[in-house]
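Residue numbers (this note's numbering): 1048 to 1154. The structure appears right after this line, and notes come after that.
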DNA sequence: GCTCTGACGATTT
DNA sequence: GAAATCGCCAGAG
């Protein structure tokens, strides 16, 4: 049985290396649904393993590394501020509320 | 099976 | 360049 849409999103986001970010569109295309960027956002919203609240274990999902195609931070369960902070901590340059285009992975 | 929602995307104003 | 509008897809009720 093929993995669910949310499972694919989960795995794809988990593969994003530290210090790099991926767009919702990129993730959507990576899992075979180029126009399902919105659905990807839904999955992350329902993501059971938030990054900022996890102590250890590999079950954490670095959803903060997923940004909008506009290079904007996007949302984060109502705490977009935390997301931006985490990105900065990982070496991502945020310029005028826009993320550095040189660290964004295009598939 | 239909309708509403949403951490989006691209285009137009 | 920013804001508003329409279109998009997968989940939940």
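Here a beta-carbon is modelled for each residue, glycine too, at the ideal position from N, C-alpha and C.
Q.
In this structure, how does DSSP classify residue 1111 when only helix, strand and coil are distinguished?
A. Residue numbering aside, residue 1111 sits at position 64 when the first chain is read from its first letter. Note: residue 1111 maps to helix in three-state DSSP.
Q) Do you know whose CA, among 1056, 1112, 1084, lies nearest residue 1131's CA? A) Along the first chain, one-based indexing puts residue 1131 at 84. Ranking the options by Cα distance to residue 1131, first place goes to 1112.
Q. Residue 1050 to residue 1135, Cα distance in whole Å?
A. As a position in the first chain, residue 1050 is number 3, starting the count at 1. As a position in the first chain, residue 1135 is number 88, starting the count at 1. Computed Cα separation, rounded: 33 Å.
Q: Excluding the 5 residues preceding and the 5 following residue 1151 in the sequence, name in chain order all residues of the same chain whose CB lies nearer than 6 Å to its CB.
A: Within the first chain, residue 1151 is the residue found at index 104, counting from 1. Excluding residues within five positions, the ones whose Cβ falls inside 6 Å are 1068.
Q | Alpha-carbon spacing of residue 1153 relative to residue 1071, whole angstroms | A | By one-based count along the first chain, residue 1153 stands at place 106. By one-based count along the first chain, residue 1071 stands at place 24. Approximately 11 Å, taken between the alpha carbons.
Q) So what's residue 1058 in DSSP terms, helix, strand or just coil? A) Residue numbering aside, residue 1058 sits at position 11 when the first chain is read from its first letter. In this structure, residue 1058 counts as helix in the three-state DSSP scheme.
Q | Which residues DSSP lists as bridging residue 1206, in chain order | A | Only positions 1048 to 1154 of the chain appear in the structure, and residue 1206 is not among them; the question remains open.
Q: Can you check DSSP and say which residues form a bridge with residue 1080?
A: Here the question's residue 1080 lines up with position 33 in the first chain. DSSP lists no partner for residue 1080.
Q) Would residue 1121 pass as a contact of residue 1114 if the rule is Cβ separation under 8 Å? A) Within the first chain, numbered from 1, the residue matching residue 1121 stands at position 74. Within the first chain, numbered from 1, the residue matching residue 1114 stands at position 67. Yes; because the gap between Cβ atoms is below 8 Å, this pair is in contact.
**Q.** Reduced DSSP secondary structure (H/G/I, E/B, other) of residue 1141
**A.** For this step, residue 1141 is matched to residue 94 along the first chain. Three-state DSSP puts residue 1141 in a strand.
Q.
Are the CB atoms of residue 1109 and residue 1142 within a distance shorter than 8 Å?
A. As a first step, residue 1142 must be located in the first chain, where it is residue number 95. As a first step, residue 1109 must be located in the first chain, where it is residue number 62. The answer is no: Cβ separation not under 8 Å.
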